[in-house]
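Notes follow once the structure below has been shown.
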Amino acid sequence: MAKFHIGIDGFNLAMPQGTGVATYAFTLAETLRGAGHRTSGIFGLDVGKDRDNREVLFFDRFGRPEPKTKTRAQLRREDRELWQRTLLPFRDRHALDVPLSGRVEWSTLSDRMPRFDQLASFPRLFDIAFRYFARHGKMLRLNVPSPPDIMHWTYPVPIELAGARNVYTLHDLVPLKLPFTTLDSKVFYSAVLKVCAESSYHICTVSEASKADICAELGLGEERVTNTYQHAPLPERALTSTPAEDAEMIEGIFGLPPKGFFLFFGAIEPKKNIGRLIEAHLSNNSSTPLIIVGGRAWQSEGELKLLQGSDSVSTIYSRNLSERVGRLDYLPRELLIRLIRAARAVVFPSLYEGFGLPVVEAMTLGTPVLTSNTSCLPEIAGKAALLADPYDVRSIAAGLRRLDDDADLRARLSAAGLERAKLFSRKRYLQRLEAMYANILTPSHRS
Numbered sequence: 001m002a003k004f005h006i007g008i009d010g011f012n013l014a015m016p017q018g019t020g021v022a023t024y025a026f027t028l029a030e031t032l033r034g035a036g037h038r039t040s041g042i043f044g045l046d047v048g049k050d051r052d053n054r055e056v057l058f059f060d061r062f063g064r065p066e067p068k069t070k071t072r073a074q075l076r077r078e079d080r081e082l083w084q085r086t087l088l089p090f091r092d093r094h095a096l097d098v099p100l101s102g103r104v105e106w107s108t109l110s111d112r113m114p115r116f117d118q119l120a121s122f123p124r125l126f127d128i129a130f131r132y133f134a135r136h137g138k139m140l141r142l143n144v145p146s147p148p149d150i151m152h153w154t155y156p157v158p159i160e161l162a163g164a165r166n167v168y169t170l171h172d173l174v175p176l177k178l179p180f181t182t183l184d185s186k187v188f189y190s191a192v193l194k195v196c197a198e199s200s201y202h203i204c205t206v207s208e209a210s211k212a213d214i215c216a217e218l219g220l221g222e223e224r225v226t227n228t229y230q231h232a233p234l235p236e237r238a239l240t241s242t243p244a245e246d247a248e249m250i251e252g253i254f255g256l257p258p259k260g261f262f263l264f265f266g267a268i269e270p271k272k273n274i275g276r277l278i279e280a281h282l283s284n285n286s287s288t289p290l291i292i293v294g295g296r297a298w299q300s301e302g303e304l305k306l307l308q309g310s311d312s313v314s315t316i317y318s319r320n321l322s323e324r325v326g327r328l329d330y331l332p333r334e335l336l337i338r339l340i341r342a343a344r345a346v347v348f349p350s351l352y353e354g355f356g357l358p359v360v361e362a363m364t365l366g367t368p369v370l371t372s373n374t375s376c377l378p379e380i381a382g383k384a385a386l387l388a389d390p391y392d393v394r395s396i397a398a399g400l401r402r403l404d405d406d407a408d409l410r411a412r413l414s415a416a417g418l419e420r421a422k423l424f425s426r427k428r429y430l431q432r433l434e435a436m437y438a439n440i441l442t443p444s445h446r447s
């Protein structure tokens, strides 16, 4: 297989709290570089004009939240300056290269920042691009030193990289399929999708269900969209321990018995369906606790309304998680992996997903899964998980009871999940990516 030079954006990678798209971008970059392909990272951080200091400034600002101590006057001035730049007639922007000399020791960021062969950055690139699109209805054109063969944007951003064939990953169409579950401007989002589809060399997505949605919504032929699925990377350090060691650690930290709790992990937002999950669990009157790991997002109060004022909810590292429902805002990645492996089952009754990464992560670790019978989730889980109607509390409750009561069922699902997860291995993911890139770079491909 020929070696490619692939650009990957840092739109989600540089956010202080990573998202599913950040995981996607990280895995994409690590998979390609691990196979010997050259990778370039394109970021929107201010690295200054002095080349000697760009490397230090890049890592200083990577993943750092915006300061909250600015005065209103400062914010108004920044906003006015940004608008002045975006209101200028259309012109190219030139990102600056960021040397990677090894001057900065950034191993503590290695689980969030992929290893790139080269970096380029333009201050507030993504803010400017979205505002420019809102004003002009056009994509911002970006120039970088030594552009890659293909620029793989991991999110629909209104930017095109000069000198590269631009590819955009559309993970799902949740803002249009379930508009009440997101805060996006639906008209603006739809317009960005259309311009990405019109100007791109290709569209990438992560499931056959999403591919069908994209083709139908944007009027694209199937040849214009490739489903590569995803890979679910797990930290090697977390996999070196035995299940017994994991169980001992989880019981020691949280007071949770091995295989003695249900687990949900993910953002607490409307599409994740936490409210119905909690209602289903409580209606079963099970002695097996439900543990929810996830930060609060938009409308999380509504999803957690049954728990308001309840002493059974813990949001800190403690042993006070032995009641019927416990909640943690955040866990380090390695500890979350151990928690997944120690759980009786992972429950993920989401209303709609483009891929459903938690399902694959649980199957990879041999943990039984209960998930939804909607969107891509039956496609991803196959016959290796129990499926429930996410809109029906009784259906979710019935699935929980089966997993709670039937040890043989849990054993069968564990074995089936390990086998099913092989479909999403790094090797297979790489093969699908390489086939897509090779097709894009053929002379006959859409120009």
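Positions 1 to 447 (the UniProt record's numbering) are the ones given, in order, by the sequence shown.
Backbone N, C-alpha and C fix where the C-beta goes; we use that ideal spot for every residue, glycine too.
Environment of residue i [buried if 16+ CB atoms lie within 10 Å]
i    : result
S227 : It is Asn, not Ser, that sits at residue 227 in the sequence shown. So N227 ends up on the buried side.
Y201 : buried
N285 : exposed
D405 : exposed
T242 : exposed
G275 : buried
L239 : exposed
P158 : buried
I316 : Low confidence applies here, because I316 scores a pLDDT of 39, under 50, leaving its location unreliable; read the following figure in that light. Answer is exposed; the Cβ neighbour count stays below 16.
S361 : Residue identity differs from the one stated: residue 361 is Glu in this sequence, not Ser. By the neighbour-count rule (16 or more Cβ atoms within 10 Å), E361 is buried.
K138 : exposed
L142 : buried
I415 : The displayed chain sequence assigns Ala, not Ile, to residue 415. When all chains shown are included, A415 counts as exposed.
S318 : Any reading at S318 must be qualified, since the residue scores a pLDDT of 43, below 50, and its modelled position is unreliable; the value itself is stated next. Flag for S318 reads exposed.
R394 : exposed
S207 : buried
F11  : buried
E323 : exposed
K3   : exposed
A244 : exposed
R327 : buried
L13  : buried
A435 : exposed
G36  : exposed
G102 : exposed
Y24  : buried
Supposed close pair residue i, residue j - CB separation, criterion 8 Å
i    : j    : result
A134 : F188 : 7 Å
H171 : F355 : 7 Å
G366 : L423 : With 8 Å as the limit, G366 and L423 do not qualify as a contact, their Cβ atoms being about 15 Å apart.
L277 : I396 : 6 Å
T154 : I8   : 7 Å
D97  : R38  : Between R38 and D97 the Cβ distance is about 14 Å, and since that is not below 8 Å, they are no contact.
R64  : L140 : About 24 Å; that fails the 8 Å criterion.
H293 : L331 : It should be pointed out that residue 293 corresponds to Val in this sequence rather than to His. Sure, about 6 Å apart at Cβ, within 8 Å.
H281 : L400 : 6 Å
F26  : P114 : 5 Å
D213 : L173 : 5 Å
I203 : Y229 : The Cβ separation is near 15 Å, so there is no contact.
Distance CB(residue i)-CB(residue j) smaller than 9 Å
i    : j    : result
P156 : L183 : no
A95  : P175 : no
L28  : L357 : no
V386 : L403 : Position check: residue 386 holds Leu in this sequence, whereas Val was assumed. Going by C-beta atoms, L386 is nearer than 9 Å to L403.
S210 : N166 : no
L430 : L32  : yes
L234 : I337 : yes
A270 : L178 : The sequence given here has Pro at residue 270, not Ala. Their beta carbons are under 9 Å apart, which means P270 touches L178 by this criterion.
D111 : R333 : yes
I6   : D127 : no
T364 : A411 : no
Residue range of the alpha helix (DSSP H) that includes residue i
i           : result
I340        : 333-342
residue 449 : In the structure as shown, the chain starts at 1 and stops at 447, and residue 449 therefore has no counterpart that could be examined.
A362        : 357-364
M151        : M151 -> not in any alpha helix (DSSP H); beta strand (DSSP E) instead, spanning 150-153.
Y24         : 20-34
E208        : 208-218
H171        : From DSSP, H171 is part of no alpha helix (DSSP H); its letter is neither H nor E.
V187        : 186-199
H281        : 274-284
Terminal residues of the beta strand (DSSP E) in which residue i lies
i    : result
S40  : 38-43
S121 : 118-121
M15  : Per DSSP, M15 belongs to no beta strand (DSSP E) and is neither H nor E.
I268 : Here I268 belongs to no beta strand (DSSP E), and DSSP marks it neither H nor E.
F348 : 345-348
S395 : Where S395 is concerned, there is no enclosing beta strand (DSSP E), although the alpha helix (DSSP H) it sits in stretches over 393-405.
V98  : 96-98
- How do the stretch 123-133 and the stretch 32-45 stand: do at least 3 beta-carbon pairs fall below 8 Å, yes or no? yes
- When the Cβ atoms of the stretch 245-255 are set against those of the stretch 213-228, are three or more pairs found closer than 8 Å? no
- Message: Counting beta carbon pairs with one atom in the stretch 337-351 and one in the stretch 368-383, are three or more of them shorter than 8 Å?
- Response: yes
- Query: Would you call the stretch 263-270 and the stretch 331-347 touching, i.e. three or more CB-CB distances under 8 Å?
  - Reply: yes
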